[in-house]
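Engineer: Please see the structure below; I have some questions.
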Amino acid sequence: MEKQWWKESVIYQIYPRSFKDSNGDGIGDIPGIISKLDYLKELGIDVVWLSPVYQSPNDDNGYDISDYRNIMDDFGTMEDWELLLKEMHGRGLKLIMDLVVNHSSDEHQWFMESKKSKDNPYRDYYIWRPGKEGKEPNNWQSTFSGSAWQYDETTEEYYLHIFSKKQPDLNWENPKLRQEVYDMMKFWLEKGIDGFRMDVINFISKVDGLPDAPNPDEKKYVSGSRFFMNGPRIHDYLQEMHKEALAEYNVMTVGEMPGVNVEQAKLYTDETRDEVNMVFQFEHVDLDSGPGGKWDLKPLKLTDLKQNFTKWQTGLQEIGWNSLYLNNHDQPRMVSRFGNDKQYRVESAKMLATFLHMLKGTPYIYQGEEIGMTNVRFDSIEDYKDIETLNMYDEKVNQNGEDPKKVMESIYVKGRDNARTPFQWDDSEHGGFTTGTPWIQVNSNYPEINASQAVLDEGSIFHYYRKLIKLRKEQPIIVHGRYDILLPEDENIYVYTRTLDAQKLLVILNFTEDEQSFPVPPDLHEMKSKVLISNYEPAQEYSSTIQLRPYEAIVYLLDMR
Ligand code: NOJ
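For the sequence shown, the numbering used here assigns the number -19 to the initial residue and increments by one for each residue that follows.
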């Protein structure tokens, strides 16, 4: 197994709009991030993944880019960004940037040209088609509700947009477009960045002929997704991108890939194929969705979660590499979703962190996770800002007459704004995020849940994350050990081991609010042991049966010699 810096690292994601506002306009910004670098250093992370900071009309909070080489006015200037990079490197922190090239904004210069005429030199930068019998070219659906096609009167054709109509899909079939993307990547690499997180990068190759999706289509992803996820030329494009843009730099890449399975992920991350270093897969965050998709709520079964993680852990054990995450800017808060954000918020947040950081792969922390920030419940749909949520509500309630109460319940559980409320820095007004009016309301629990009290309290979730991150630096077994699951059928506890040479980690996790017990298998019980980390103090001695308290997590380091 090759040693790579990105395998040894812990990555922290910043969603800049909601991190820290420095100028009182209610929007997080780059100088705000700079002012918090010492906090990140204290936490101990190695790498920051910065969600998009490029020029954008903000239809989808920066994931709709109108100029890839400039910084969004709300966030600051290129000088601010350069200072950020310098300040980060000065502290030994790496920076990876978001690369959003499945689509641009409709306000990008390329699209403004493209829509002017059918023979414009930029026409083929996007995917244009004539209508079929006065209707859309095919029946594909947008991820953000409605058809994936938008009619444009000037040339009387439709353009494809898998996301909002202000996010037209780029045409990767066009070698000129591909070269533009590689040049743009080199522009940032030359500035010294340390890698890219690639937005829905497995959507860039579409099936020839853009066929209709069978009707009725499976509803797990939107209709048509089978024709644009992991398409026929995706591996060629990624290998070309590596050769043309990335090969000369010592950088890391992580490809966001909805709908990817283990076998495909192995191809994408096989080190000999030069595509990407790891992927963000979605299977474990789909386990609590019913057949109707994301908003069709379904209770999560621990055995499903175990089976899924085990499939990924073992599937990429020899070839490839896993990314490890339980939340990000598109997912609800992990303590609310997989733990208990009330009575056992602190215990369950630490248990989930233990679970993730002891697995094999590179762990990602989403801003606020390290202080146990929770989901939010705004009273009115008017308080929500996310385009996915607003479009879905409009479609279901206003167009289809569904019960608004039921739709709000699904937003409380799954809405992306759960993750996007401002970072809770302290107990001053608006949680210390801004001196102005925040662009989205702060979660009202900020007086109890905030970074300043977490940093002061040695027993906090924050300090527990510090320990986990530090352990990763001290124990190669956490990075490289082989994963094996114990008790795959148990609905309450998750137990797994990691093995490297003569050492074993025994990771024992209670996923419930009840007491549970774990009978240690005799062969493991005979080994010498020490507690590596535990979320209850004092930690339990190793014994033949471990009695677990609510959401208890313990990791023993066993010596087989
Ligand atoms: C995935 C991003 O994470 C999400 O926030 C965005 O809306 C879509 N891709 C479209 O760029």
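Cβ coordinates follow ideal geometry from the N, Cα and C atoms, glycine included.
Excluding five sequence neighbours on each side, which residues of the same chain lie with their C-beta closer than 8 Å to the C-beta of Pro37?
Structural biologist: Within the sequence shown, residue 37 is the residue found at index 57, counting from 1. Around Pro37: Asp44, Ser46, Ser85, Glu87 and Lys146.
Engineer: Candidates Leu157, Arg206, Asp284 and Trp61: which alpha carbon is nearest Asp9's?
Structural biologist: What you label residue 9 is simply residue 29 of the sequence shown in a count that begins at 1. Nearest option by C-alpha distance: Trp61.
Engineer: If I measure Cβ to Cβ from Ile449 and keep anything under 6 Å in the same chain, skipping five residues before and after, which residues do I get?
Structural biologist: For the purposes of this step, residue 449 is identified with residue 469 of the sequence shown, where counting begins at 1. If we look at Ile449 and ignore the five residues flanking it on each side, its Cβ neighbours are Val(-10) and Gly24.
Engineer: Specify, as a first and last residue, the run of the alpha helix (DSSP H) that Lys21 falls within.
Structural biologist: Translated into the one-based positions of the sequence shown, residue 21 becomes position 41. From DSSP, the alpha helix (DSSP H) with Lys21 extends over Leu17 to Leu23.
Engineer: For the alpha helix (DSSP H) containing Thr134, name the first residue and the last one.
Structural biologist: Counting from 1 along the sequence shown, the entry for residue 134 is found at position 154. Looking at the DSSP string, Thr134 is not in any alpha helix (DSSP H), and its letter there is neither H nor E.
Engineer: Just the C-alpha distance for Asp503 and Val180, rounded to the nearest angstrom, thanks.
Structural biologist: Here residue 503 refers to the residue found at position 523 of the sequence shown. Here residue 180 refers to the residue found at position 200 of the sequence shown. If I take the Cα positions, the gap works out to 45 Å.
Engineer: Tyr34 and Gln615 - do their beta-carbons sit closer together than 8 Å?
Structural biologist: Because the chain is modelled from -19 through 541, residue 615 falls outside the range shown and cannot be assessed.
Engineer: Ordered along the chain, which non-local residues of its own chain (more than five positions away) have a Cβ less than 8 Å from that of Asn288?
Structural biologist: Translated into positions along the sequence shown, residue 288 becomes position 308. Closer than 8 Å at Cβ, skipping near neighbours: Glu263, His264 and Leu267.
Engineer: Using DSSP with H/G/I as helix, E/B as strand and the rest coil, what is Glu236?
Structural biologist: Mapped onto the sequence shown, residue 236 falls at position 256. Of the three classes helix, strand and coil, the one that applies to Glu236 here is strand, per DSSP.
Engineer: So which residues touch the region around the ligand NOJ, with touch meaning a C-beta under 5 Å from any heavy atom?
Structural biologist: Listed along the chain, these residues meet the criterion: Asp40, Tyr43, Phe143, Asp179, Val180 and Asp310.
Engineer: Residue range of the alpha helix (DSSP H) that Ala482 falls in?
Structural biologist: Here residue 482 is taken as the residue at index 502 of the sequence shown, counted from 1. Ala482 -> no alpha helix (DSSP H), and no H or E assigned at all.
Engineer: Out of curiosity, what's the CA-to-CA distance linking Ile513 and Met314?
Structural biologist: Reading the sequence shown from its first residue, position 533 is the one you call residue 513. Reading the sequence shown from its first residue, position 334 is the one you call residue 314. Rounded to whole angstroms, Ile513 to Met314 spans 20 Å at the Cα level.
Engineer: When the distance is taken between beta carbons, is Ala333 closer than 8 Å to Tyr444?
Structural biologist: Your numbering for residue 444 matches position 464 in the sequence shown. Your numbering for residue 333 matches position 353 in the sequence shown. In this structure, Ala333 lies closer than 8 Å to Tyr444 by Cβ.
Engineer: If you draw a straight line from the alpha carbon of Leu537 to that of Leu451, how long is it in whole angstroms?
Structural biologist: Against the sequence shown, residue 537 aligns to sequence position 557. Against the sequence shown, residue 451 aligns to sequence position 471. If you take the alpha carbons of Leu537 and Leu451, they lie about 12 Å apart.
Engineer: Counting along the chain, where does the alpha helix (DSSP H) carrying Ile161 start and finish?
Structural biologist: Residue 161 sits at position 181 when you count from the first residue of the sequence shown. One point to set straight first is that residue 161 is Val, not Ile, in the sequence displayed. Looking at the DSSP string, the run of the alpha helix (DSSP H) that includes Val161 is Pro155 to Glu170.
Engineer: Let me know if Lys171 comes out buried or exposed under the rule of 16 or more other beta-carbons within 10 Å of its beta-carbon.
Structural biologist: As a working note, residue 171 is residue 191 in the sequence shown. Its Cβ having fewer than 16 others within 10 Å, Lys171 is exposed.
Engineer: Alpha carbon to alpha carbon, how far is Glu428 from Asp321?
Structural biologist: The residue labelled residue 428 in the question sits at position 448 within the sequence shown. The residue labelled residue 321 in the question sits at position 341 within the sequence shown. Glu428 and Asp321: Cα-Cα distance of roughly 13 Å.
Engineer: Inspect the beta-carbon positions of Tyr173 and Met77 and report whether they are closer than 8 Å.
Structural biologist: Taking the sequence shown and counting its residues from 1, the one referred to as residue 173 is at position 193. Taking the sequence shown and counting its residues from 1, the one referred to as residue 77 is at position 97. This sequence places Ile at residue 173; Tyr is not what is there. Yes.
Engineer: Per DSSP, what kind of secondary structure is Ala193 in: helix, strand or coil?
Structural biologist: Reading the sequence shown from its first residue, position 213 is the one you call residue 193. Ala193 falls in the coil class under three-state DSSP.
Engineer: Within the chosen definition, does the stretch 298 to 307 reach the stretch 406 to 426 through at least 3 CB pairs nearer than 8 Å?
Structural biologist: Contact between the stretch 298 to 307 and the stretch 406 to 426 is absent, because fewer than three Cβ pairs lie under 8 Å.
Engineer: Taking the CB atoms as reference points, tell me whether Tyr105 and Leu140 lie closer together than 8 Å.
Structural biologist: By 1-based counting over the sequence shown, the position of residue 105 is 125. By 1-based counting over the sequence shown, the position of residue 140 is 160. Contact flag unset, no.
Engineer: Per the contact definition of three or more C-beta pairs closer than 8 Å, is the stretch 11 to 31 in contact with the stretch 55 to 69?
Structural biologist: Contact between the stretch 55 to 69 and the stretch 11 to 31 is present, because at least three Cβ pairs lie under 8 Å.
Engineer: Output the distance between the C-alpha atoms of Gln527 and Ser497, rounded to the nearest integer angstrom.
Structural biologist: Counting from one through the sequence shown, the residue named residue 527 turns up at place 547. Counting from one through the sequence shown, the residue named residue 497 turns up at place 517. Spanning the two alpha carbons is a distance of roughly 4 Å.
Engineer: In terms of residues, what are the limits of the alpha helix (DSSP H) holding Met388?
Structural biologist: Here the question's residue 388 lines up with position 408 in the sequence shown. Counting along the chain, the alpha helix (DSSP H) containing Met388 begins and ends at Pro384 to Lys394.
Engineer: Evaluate contact between the stretch 197 to 217 and the stretch 175 to 189, counting only Cβ atoms and requiring at least three cross-stretch pairs below 8 Å.
Structural biologist: Segments in contact, yes.
Engineer: Ends of the beta strand (DSSP E) at Phe260?
Structural biologist: The residue given as residue 260 occupies position 280 in the sequence shown. It spans Met258 to Phe260 - the beta strand (DSSP E) in which Phe260 sits, taken as one unbroken run.
Engineer: Does DSSP put Ser509 in a helix, a strand or coil?
Structural biologist: Counted from its first residue, the sequence shown places residue 509 at position 529. Reduced to three states, the DSSP call for Ser509 is strand.
Engineer: Quick one: what's Lys115 bridged to in DSSP?
Structural biologist: In the sequence shown, the residue the question calls residue 115 occupies position 135. Partner(s): Lys112.
Engineer: How long is the line joining the alpha carbons of Gly270 and Tyr201, rounded to whole angstroms?
Structural biologist: Counting from 1 along the sequence shown, the entry for residue 270 is found at position 290. Counting from 1 along the sequence shown, the entry for residue 201 is found at position 221. When rounded, the distance between both Cα atoms is 11 Å.
Engineer: Taking only three categories from DSSP, how would you classify Lys74?
Structural biologist: What you label residue 74 is simply residue 94 of the sequence shown in a count that begins at 1. Here Lys74 sits in strand by DSSP.
Engineer: Measuring alpha carbon to alpha carbon, tell me which residue in Asn378, Phe491, Gly175 and Glu224 is nearest Ser31.
Structural biologist: Taking the sequence shown and counting its residues from 1, one reaches residue 31 at position 51. That would be Gly175, whose Cα lies nearest to the Cα of Ser31.
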